[in-house]
Amino acid sequence: MTKRVEIVLGDDGKFYAKTIGMDDERCLDYVEVLEKLLGARSIHSEYTEEYLRARQKLTQRKQLQQKLERKGE
Amino acid sequence: MSLFIELESEKIQRFKGAEDTTLEDMREDELFALEKGYLEKGKRYYKIETEMNDHNLLQKALTHYGATVTEADEFHVVAVVGDIKMTFYKEESEPFRAFFEQQVDVVDAEQFVQSLITEYLDLVRQVTYEMLINRAQEEGLVLETEQRRDKKIALTFIVEE
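In order, the protein sequence lines correspond to chains A and B. Per the numbering used here, the very first residue in the first sequence carries number 5; after that it's consecutive. Per the numbering used here, the very first residue in the second sequence carries number 187; after that it's consecutive.
Listed below in structure tokens is the structure:
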């Protein structure tokens, strides 16, 4: 998936950004990058539901894999 | 997978506790500005808090609004519109406060400052847009799409691997 950054420059001195297609913690690096590029300070950041769902799936998959490995031993 | 980030321009600063400002605070600010020589002795002023903290953009906004800037440095800007003189003054880590002489109608002054802030925010967005477009490539971001709606600008960048 192509990695993208969406940025909205608002009309109230606030800016909103969203990283897309970044499947690891590297998306956090963009907080600093965006602060520098926009001459701004971050006031809030959160993972989107899409990210949290994907993380949950990944954790469940790992747990299942570990269970299967234990059974196989 | 994605991260949502909300940012605020460094050229904007919300006044902390502005709603709790007392008459004593106002007098203190006025005295401080008097000491600095930004206000004239013997005259009485009232102040209006603003969110603006960049003196260059404030000067531009004033000029766009038909005011003539007569004095300016990093911490104070004096401008004139017709026969009304206004003084903007700030301390190091605070936004500008606007001082008007007491004979100036408060409603008119508040409306003027509000319009000035709107103009200032337009300039902030414009300056930020230019800075972003000029420097995005250095951070490996290539502009893919740009959409303008009302006063908002939405940009999508592809991240170069």
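For glycine and all other residues, C-beta sits at the position ideal for the given N, C-alpha and C. Every value quoted in this text rests on a predicted model; they were computed, and no experiment measured them.
Where residue i sits in the DSSP three-state scheme
i	result
Gln289 of chain B	coil
Phe381 of chain B	This structure leaves residue 381 of chain B out entirely; chain B is present only between 187 and 347.
Thr236 of chain B	coil
Thr314 of chain B	helix
Leu225 of chain B	coil
Arg213 of chain B	helix
Thr52 of chain A	coil
Glu77 of chain A	coil
Arg30 of chain A	helix
Arg57 of chain A	helix
Terminal residues of the alpha helix (DSSP H) in which residue i lies
i	result
Lys22 of chain A	Not the alpha helix (DSSP H): Lys22 of chain A falls in the beta strand (DSSP E), residues Lys18 to Ile24.
Glu36 of chain A	Asp33 to Leu42
Within 9 angstroms, strictly: CB atoms of residue i and residue j
i	j	result
Tyr231 of chain B	Ala219 of chain B	yes
Phe343 of chain B	Glu330 of chain B	yes
Ala58 of chain A	Ile191 of chain B	no
Gly17 of chain A	Glu237 of chain B	yes
His174 of chain B	Tyr224 of chain B	In this structure chain B extends from 187 to 347, so residue 174 of chain B is not present and cannot be described.
Asn239 of chain B	Gln199 of chain B	yes
Ala340 of chain B	Leu41 of chain A	no
Val9 of chain A	Leu193 of chain B	no
Lys233 of chain B	Ala265 of chain B	no
Tyr34 of chain A	Thr52 of chain A	no
Met317 of chain B	Ala295 of chain B	no
Leu32 of chain A	Leu189 of chain B	yes
Cβ-heavy atom distance, residue i to the ligand GTP, below 8 angstroms
i	result
Glu280 of chain B	With respect to the ligand GTP, the structure shown offers nothing to examine, as it has no ligands at all.
Closer than 9 angstroms to chain B by CB, residue i
i	result
Lys18 of chain A	yes
Arg65 of chain A	no
Glu39 of chain A	yes
Lys75 of chain A	no
Lys71 of chain A	no
Tyr51 of chain A	yes
Leu68 of chain A	no
N- and C-terminal bounds of the beta strand (DSSP E) containing residue i
i	result
Gln323 of chain B	Run containing Gln323 of chain B: none; DSSP gives neither H nor E here.
Glu192 of chain B	Leu189 to Ser195
Arg200 of chain B	Run containing Arg200 of chain B: none; DSSP gives neither H nor E here.
Arg8 of chain A	Arg8 to Leu13
Lys338 of chain B	Lys338 to Val345
Test: residue i CB closer than 9 angstroms to a CB of chain A
i	result
Lys338 of chain B	yes
Val267 of chain B	no
Tyr315 of chain B	yes
Lys246 of chain B	no
Ala219 of chain B	no
Phe276 of chain B	Sequence inspection shows Lys at residue 276 of chain B; the Phe mentioned does not correspond to that position. Taking Cβ atoms only, chain A never reaches closer than 9 angstroms to Lys276 of chain B, which makes this a no.
Asp294 of chain B	no
Val310 of chain B	yes
Ala204 of chain B	Per-residue confidence for Ala204 of chain B stands at a pLDDT of 46, beneath the threshold of 50, marking its modelled position as unreliable; the derived number appears in the next sentence. Ala204 of chain B does not count as touching chain A.
Ile344 of chain B	yes
Glu305 of chain B	no
Phe190 of chain B	yes
Legend entry - Complete alpha helix (DSSP H) runs within the stretch 251-308 of chain B (minimum length 4 residues, chain order): Scanning the stretch 251-308 of chain B for uninterrupted alpha helix (DSSP H) segments of 4 residues or longer gives nothing; none is fully contained.
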